[in-house]
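Counting along the sequence shown from 1, when you hit position 236 you're at 236 in full-length UniProt numbering, and nothing is skipped either side.
In this text, a Cβ means the ideal position worked out from N, Cα and C, and glycines have one as well.
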Amino acid sequence: MFKNKTLDYTPVSNVFIDKYMAKARGEYVKVYLLGLKYCISGELGANSSLIASTLSLLETDVVNAWNYWHDEGIVKMSSIDNMGNFYIEFLNLTNIQEEGGKNLNLLRELDNSSVKGMLQDIEKLIGRPLSPKEMTSYLGWQKDFNFSPELILLLIQYCVSKGKNDYRYIEKIAMAWHDSNIKDIEGAQSFIKRHEDKWIKIRKILTYLGIKNADIMKPQEEILEKWLSVYKFPIDVIYKACDICFERLNRADFKYIDGILNSWFKDNIKSLEDIEKKDRKKLTHKPIINNSNNSAPSKGNFNNYEQRTYDFDELERKLLGWDNND
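What follows is the structure, encoded as structure tokens:
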């Protein structure tokens, strides 16, 4: 979705042409210019498939292009929902150029041996050189988030241990730590333990359900977190709900399993023993049907009427008209 005014032409900043266009891949420049045209002309939005078709590119190239320009700081991507939709805002490049003094601050910061050492350690951890934007961001966390160099290194080490060295992912974790009011190593270690314990359990449940991809959608993650953190069900109780789902549907269904666990939570069931007690109670209160011939008919039963006896030979004679013959 694009947010801007409508014009009959597409103005392209000279800053983009002079500073950003030459060093970018050709397909990224195409995506930027077409997106800028859509934005200026008042298009409400465009999907990656449409842009890819128009420019004869792959959809992955379109997505990578927006991520590239976001990292360069000339567009701003903001998530709209959990379905992969974004607002894309084209930033004023003149303002960005005027703020270029930050690069001079970065050069001055690099004269500080501790800062230079931290950035060198980060490069060793992620296995590649840092861009000026990444350096500026990492140093900015010290002022904006009140993160110490040791805390920043622990954060990046944690991300790398999960196989993630992409700047966008590292930035997302940094913001999560800031939102959780993490200020020191102890707080970070506690956060990591809680987070990892949760994901160990989530991965076990996904494996039990036959789901190999751990990158699940946000709604599914929220359901799993509810089972573990809000309902506080042991893992074996969740497995039992999964078993019941498989028995009844022959497939994994998050909503069905969630319905079972919601019911158990309302019934204050917390263990497998509680589930067995509930099942036994159901069997105890199940009505017993007695088919014995000696049993008395109950009220409302089909047999609850006065029984009559018939002389079937006499009925046959009446039907045949023989009763009128001597």
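In this structure, residue 126 sits near residue 165, with a CB-CB distance shorter than 8 Å. A straight line joining the alpha-carbon of residue 211 with that of residue 174 spans about 28 Å.
Assignment of residue 237 by DSSP, reduced to helix, strand and coil, places it in the helix class. Note on geometry: alpha-carbon atoms of residue 265 and residue 227 lie some 9 Å from one another. Within its own chain, the residues whose Cβ lies closer than 6 Å to the Cβ of residue 61, once the five positions on either side in sequence are excluded, are 27, listed in chain order. Across the structure, residue 278 and residue 269 are spaced so that their CA atoms are roughly 9 Å apart. Proximity to residue 15 across 44, 72, 48 peaks at 72, based on C-alpha coordinates. Between residue 241 and residue 224, the gap from beta carbon to beta carbon reaches 8 Å or more.
Looking from the CA of residue 195, the closest CA among 246, 51, 129, 162 belongs to 162. DSSP, read as helix, strand or coil, puts residue 90 in strand. Residue environment: residue 134 is assigned as buried (16 or more neighbouring CB atoms within 10 Å of its CB, all protein chains considered).
For the set 84, 246, 236, 129, the Cα lying nearest the Cα of residue 167 is the one of 129.
The continuous stretches of beta strand (DSSP E) do not include residue 217, and DSSP gives it neither H nor E. Exposure of residue 185 is indicated by the presence of fewer than 16 other C-beta atoms within 10 angstroms of its C-beta.
For residue 62, the enclosing alpha helix (DSSP H) covers residues 59-72. Judged by DSSP secondary structure, residue 160 falls within the alpha helix (DSSP H) whose first and last residues are 149-161. Distances from the CA of residue 118 to each of 58, 146, 244, 151 were compared; the closest alpha carbon is that of 151. In the DSSP assignment, residue 118 falls within the alpha helix (DSSP H) that extends over 113-126. Cβ neighbours of residue 115 within its own chain (closer than 6 Å, five residues either side excluded): 109.
In this chain, the alpha helix (DSSP H) harbouring residue 31 covers 26-40.
Of 8, 235, 121, 229, the smallest CA-CA separation from residue 209 is found for 235. Distance from the CA of residue 280 to the CA of residue 255, rounded to the nearest whole angstrom, comes to 26 Å.
Secondary structure note for residue 48: its alpha helix (DSSP H) is the uninterrupted segment 48-55. Put simply, of 149, 85, 178, 198 the residue whose alpha carbon is nearest the alpha carbon of residue 47 is 85.
In this chain, the alpha helix (DSSP H) harbouring residue 263 covers 254-266. Here the alpha carbons of residue 138 and residue 177 stand approximately 14 Å from one another. If you compare the alpha carbons of 233, 169, 112 with that of residue 275, the shortest gap goes to 233. Approximately 7 Å separates the beta-carbon atoms of residue 24 and residue 68; this is inside 8 Å, confirming the contact.
Looking at the backbone, the Cα of residue 198 and that of residue 131 are separated by about 33 Å.
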